[in-house]
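Note sheet for the following structure.
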Amino acid sequence: MDRLTFEGNFCDIAMCRETPGESFCEDGYCSQCKVWEHLKAYEDIGLDPEEIKEFLNAVNGGLAAENGIWCPKCGDALDIDIVNGVLAIGCFGCEEYTPLSELMKLHTNDAVPVVRCKDCKWFTMDNTGGAYCNHPTCGLFNGYEPDAFCSYGERKEN
189 MDRLTFEGNF CDIAMCRETP GESFCEDGYC SQCKVWEHLK AYEDIGLDPE
239 EIKEFLNAVN GGLAAENGIW CPKCGDALDI DIVNGVLAIG CFGCEEYTPL
289 SELMKLHTND AVPVVRCKDC KWFTMDNTGG AYCNHPTCGL FNGYEPDAFC
339 SYGERKEN
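Residue numbers (this note's numbering): 189 to 346.
Rendered as structure tokens:
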């Protein structure tokens with residue numbers, strides 16, 4: 189993702205001629221400045237929207253528990269939040285936050301690709317809505333849920 193913003197005071201960069209606090213400026217913080225600051229915060233995350241969605245799906249698919257997402261280290265609930273202007277995931281128990289951009293690097297460095305059953309070439313459904321896995325190994329052990337993951341899965345070609 190290419191940055192559109194950079195460090196500096198928006199009003200100086202925009203060469204704003206408005207008087208701070210008057211009608212256009214809204215107490216020294218105009219709507220254009222708010223948009224700039226919002227965009228800067230988003231760009232500081234370092235991920236495109238699709239990468240964020242992909243990561244959140246991976247977290248939900250890999251760490252989801254019945255009532256939330258749990259820390260593999262201490263078992264406490266995980267939280268996704270903005271910490272120091274950066275989107276991060278952290279643990280209430282460990283009180284450690286890691287930027288999502290760092291987690292994405294860890295997630296993809298040594299990751300083995302997994303495929304949801306419904307997206308796997310081995311997955312089929314019959315005319316009654318029953319789900320089946322035709323893979324010789326996986327089909328013996330898994331519960332055939334469309335949203336489950338399979339380490340034997342191979343993505344269907346469209």
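Think of the CB as a built atom: it goes at the ideal place given N, C-alpha and C, for glycine as much as any other residue.
Distance check for A336 and E342, CA to CA, integer angstroms please. Here residue 342 refers to the residue found at position 154 when the sequence shown is read from its first residue. Here residue 336 refers to the residue found at position 148 when the sequence shown is read from its first residue. Straight-line Cα distance between these residues: approximately 13 Å.
Between the C-alpha atoms of A276 and I240, what's the straight-line distance to the nearest angstrom? Here residue 276 refers to the residue found at position 88 of the sequence shown. Here residue 240 refers to the residue found at position 52 of the sequence shown. It is roughly 11 Å from the alpha-carbon of A276 to the alpha-carbon of I240.
Could you give the first and the last residue of the continuous beta strand (DSSP E) run that contains C321? On the sequence shown, position 133 is the one that residue 321 refers to. Residues 319 to 321.
Exposed or buried, which one is L266 when buried takes at least 16 other CB atoms within 10 Å? Along the sequence shown, read from residue 1 onward, the residue named residue 266 stands at position 78. Buried is the label assigned to L266, since at least 16 other Cβ atoms lie within 10 Å of its Cβ.
Which residues DSSP lists as bridging R304, in chain order: Here residue 304 refers to the residue found at position 116 when the sequence shown is read from its first residue. In DSSP, R304 forms a bridge with F337.
Could you give the first and the last residue of the continuous alpha helix (DSSP H) run that contains F198? Position 10 of the sequence shown, counted from the start, is the residue given in the question as residue 198. For F198, the uninterrupted alpha helix (DSSP H) segment begins and ends at 198 to 201.
Quick one: using the 10 Å Cβ neighbour count with 16 as the cut-off for buried, is M311 buried or exposed? Start at 1 with the first residue of the sequence shown, and residue 311 comes out as number 123. In the sequence as displayed, the identity of residue 311 is Phe instead of Met. Classification of F311: buried, given that the 10 Å Cβ count is 16 or more.
Let's test the definition: count the other Cβ atoms within 10 Å of the Cβ of C279 and tell me whether it reaches 16, buried, or not, exposed. Reading the sequence shown from its first residue, position 91 is the one you call residue 279. Counting Cβ neighbours within 10 Å, C279 comes out buried, since at least 16 surround it.
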